[in-house]
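Below is one structure, written out as structure tokens; the observations come after it.
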Amino acid sequence: MDYVEAFENLKPNEKYGRKTPHKAVLLLTIIEMCESDEIYSNEIRCNQQLIDTFHKVWKRTLPNDDSLFVDAYFPFWTMQNEDFWHLVPFRGKEENLTLLKERQVRPSESKIKECVDYVELDEDLFFLMTLPSGRSSLKRALLENYSALTEEKIGELATSKDNAIDKSIEALAEYKKILSSENEPKNNLVAESCDEEKQNLFYALDEDVQIQLNIEYYTFLKEHKAEREMFRSLCPTVFDLYDKISAHPIKQEDITSSLLYLYENFLLDLKVNLLGVDATLSLVDCIENAINLLHAHEHQKDVFISSNIGIEDDTVKKENSSGDSPLSDDSVSSGDDKSSAVNCRRKDLPWTENEEELLLLCYEKGKSIEDIASILGRPQNSIKLRLANLGKIKYDFIHSENTEGSKNTNQDLSTLDYYVENMERLCFILNRNGERVYSTDGKLKILHGKLYRFNYKDDICFTVKDMVCTNGVWDKGKKTIVAYMQTDLFPLLDRTHYLDQIEDIKEGSCMQQNQIRVDGKWYDFDGNLIGRATE
0 MDYVEAFENL KPNEKYGRKT PHKAVLLLTI IEMCESDEIY SNEIRCNQQL
50 IDTFHKVWKR TLPNDDSLFV DAYFPFWTMQ NEDFWHLVPF RGKEENLTLL
100 KERQVRPSES KIKECVDYVE LDEDLFFLMT LPSGRSSLKR ALLENYSALT
150 EEKIGELATS KDNAIDKSIE ALAEYKKILS SENEPKNNLV AESCDEEKQN
200 LFYALDEDVQ IQLNIEYYTF LKEHKAEREM FRSLCPTVFD LYDKISAHPI
250 KQEDITSSLL YLYENFLLDL KVNLLGVDAT LSLVDCIENA INLLHAHEHQ
300 KDVFISSNIG IEDDTVKKEN SSGDSPLSDD SVSSGDDKSS AVNCRRKDLP
350 WTENEEELLL LCYEKGKSIE DIASILGRPQ NSIKLRLANL GKIKYDFIHS
400 ENTEGSKNTN QDLSTLDYYV ENMERLCFIL NRNGERVYST DGKLKILHGK
450 LYRFNYKDDI CFTVKDMVCT NGVWDKGKKT IVAYMQTDLF PLLDRTHYLD
500 QIEDIKEGSC MQQNQIRVDG KWYDFDGNLI GRATE
């Protein structure tokens, strides 16, 4: 779904003869609370904090409009007719909520409080709200369509922290000047001096900035013509720039201050539009990496083939002269080995042709898995898997990784073509190429070859859902376990490390037959103790 377009075209309540701005103000409120970290999970409750912020945003957005009643519960309920807004009832109140929805009149505030626990947004939309550039685009879409503010005021309110998208058109004009004058002889020393001064500001940037932008980013656009045309209609400004840059490969000495700024805005603009059209997270991460490189936050040494890689036969520890036989046990070590703790700067990013070429070169020169992982900036298991895919070695296992300290488990690739990564705020499903294909704010774990999503909701409940993959697209499935506060299970769970406590899940023919083992004890689908586990 294109969420910017959805925000521009909210289904209006025209009871008063005009579009009411309540929905827009509520969405602006949620975005602002995400920006200030007052909302940090995809469970949005209409509590006093949200109501107070709603009133502040209303006054700021509609300073001269006293004709409408300011009520946060009104849009909290009516927003359910938008595809991205999902009301979640309290346990046992499902039928009550259904009856309220079927009525033709809006329920009272007390009825809404009684039935609705929280609202859940589409996960892609919530992820978009966690990005400064995403928040800026969403806010601008709302302010331009549902307020009478001046363009200057809209620009001020739409700006998020560390966001600079709004000046991309001016930056494009600067780049056009650079292109139009690149073949003209410099007739005076003043112009030559100015150019040199601007260029010198960025001479310190590593060459991998140029490589990252030209290869990883533009190669995608060249190879995906359908997506390219779609992006062109979404952001013609950045594609005007792309067409010009494609004909003028960027060189290190061309990275001036104006060009650096332009690149960053180009990347940020397209990143926002990618999220708005359900693009894969791996491409978004690729763009994020390029932005980091622009700021020299993350220099990648020897990632791409160059003359200074330094592969020397006399310093190489030979592992295997044949490319078809498996590596030795020493080289195919477990992901838990200390040697795997290299700087995995390209972990989870898509493989490029240049990387594969360098991988094969290193392998044929006899480099160890550890050394190759260090050169490419990828985990050792990713190196082994890529070599296996290229037919160089036999490698039949991939590990399910949890960055918060849970144990790694090996799975047979014949039955498992994905693995998971649990981060502090978002968790991801990755395909066998290490590309992120799904994100969620719940924790993920693989048990018996099946993927589950776990969600610990403070002072409410603990839920488990299975994850379903249909035609390569992941989504949450049915609930298997629901344990509320008063159950035996909920108080035992550590709110931060509960994933480590979960040992097993048994699914029956219906939800009532499901069981979960936590810290050696079995609990039923409702979170009540059954008895100690028997091995």
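Residue 0 is where the sequence shown starts when you use numbering that gives the first Met the number 0, and the numbers rise one by one after that.
Here a beta-carbon is modelled for each residue, glycine too, at the ideal position from N, C-alpha and C.
On a predicted model such as this, the values are computed, not experimentally measured, just so you know.
Taking a contact to mean a Cβ-Cβ separation below 8 Å, would you say residue i touches residue j in this structure?
i, j, result
"P62", "L25", "no"
"M466", "K478", "no"
"N513", "I480", "yes"
"L120", "L142", "no"
"I30", "K138", "yes"
"Q379", "I368", "yes"
"L360", "L389", "no"
"V69", "V118", "no"
"F453", "I501", "yes"
"T439", "E151", "no"
"T60", "S146", "yes"
"V3", "S135", "no"
Can you list, in chain order, the residues of its chain with a C-beta nearer than 6 Å to that of residue i? Leave out the 5 residues immediately preceding and following it.
i, result
"V125", "Rather than Val, the amino acid found at residue 125 in this sequence is Phe. Closer than 6 Å at Cβ, skipping near neighbours: N41."
"A95", "It is Asn, not Ala, that sits at residue 95 in the sequence shown. Taken in chain order, the residues that qualify are C114."
"Y497", "Y455"
"R494", "Y455"
"V463", "Y451, F453, T479, I480"
"S332", "Confidence is the limiting factor: at S332 the pLDDT is only 36, short of 50, which leaves the residue's position unreliable and the question unanswerable from this model."
"I515", "I480, I504, Y522"
"P106", "L99"
Consult DSSP for residue i and reduce its assignment to one of helix, strand or coil.
i, result
"N513", "coil"
"E423", "coil"
"M0", "coil"
"S438", "strand"
"A71", "coil"
"H21", "helix"
"A482", "strand"
"E151", "helix"
"H447", "coil"
"K92", "coil"
"R385", "helix"
"H535", "The chain is shown from 0 up to 534; residue 535 falls before or after that span and cannot be answered."
"F461", "strand"
"R531", "Confidence at R531 is low in this model, with a pLDDT of 49, below 50, so its placement is unreliable and no value can be given for it."
"K366", "coil"
"E37", "coil"
"I392", "coil"
"R134", "helix"
"L61", "coil"
"D487", "coil"
"N46", "coil"
"D116", "strand"
"D518", "coil"
"P11", "coil"
"V104", "coil"
Assuming residue i and residue j are in contact, meaning their beta carbons sit under 8 Å apart, how far apart are those beta carbons, in whole angstroms?
i, j, result
"Y418", "L429", "6 Å"
"N421", "L446", "Between L446 and N421 the Cβ distance is about 14 Å, and since that is not below 8 Å, they are no contact."
"W76", "I111", "6 Å"
"E81", "A5", "7 Å"
"A482", "D525", "7 Å"
"Y451", "I504", "7 Å"
"Y362", "I374", "Not really, about 11 Å apart at Cβ, beyond 8 Å."
Kindly indicate which residue of the options has the alpha-carbon position closest to the one of residue i.
i, options, result
"H21", "C33, K58, E7, A71", "A71"
"W57", "G365, I38, A23, F6", "A23"
"K520", "G507, L488, M510, E506", "L488"
"L9", "M78, S136, D440", "M78"
"C468", "D458, Q485, K449, M0", "K449"
"G471", "T486, E434, D458", "E434"
"C460", "D499, A387, D116", "D116"
"T129", "P11, K55, E37", "E37"
"E423", "P11, E34, Y39", "Y39"
What does a CB cutoff of less than 7 Å around residue i pick up in its chain, not counting 5 residues either side in sequence?
i, result
"T52", "T28, E31, M32"
"G441", "C426, R452, F453, N454"
"E506", "T479, N513"
"Q511", "F524"
"D458", "M484"
"S109", "none"
Keeping to the same chain, check which residues put their C-beta closer than 8 Å to that of residue i; ignore five residues upstream and five downstream.
i, result
"Q47", "none"
"I153", "R139, L142, E143, S146"
"E355", "R385, L389"
"I382", "L358, I368, I371, A372, L375"
"L491", "Q500, V517, D518"
For a cutoff of 8 Å on Cβ pairs, would you count residue i as touching chain C?
i, result
"T149", "This model lacks chain C altogether; it includes just one protein chain."
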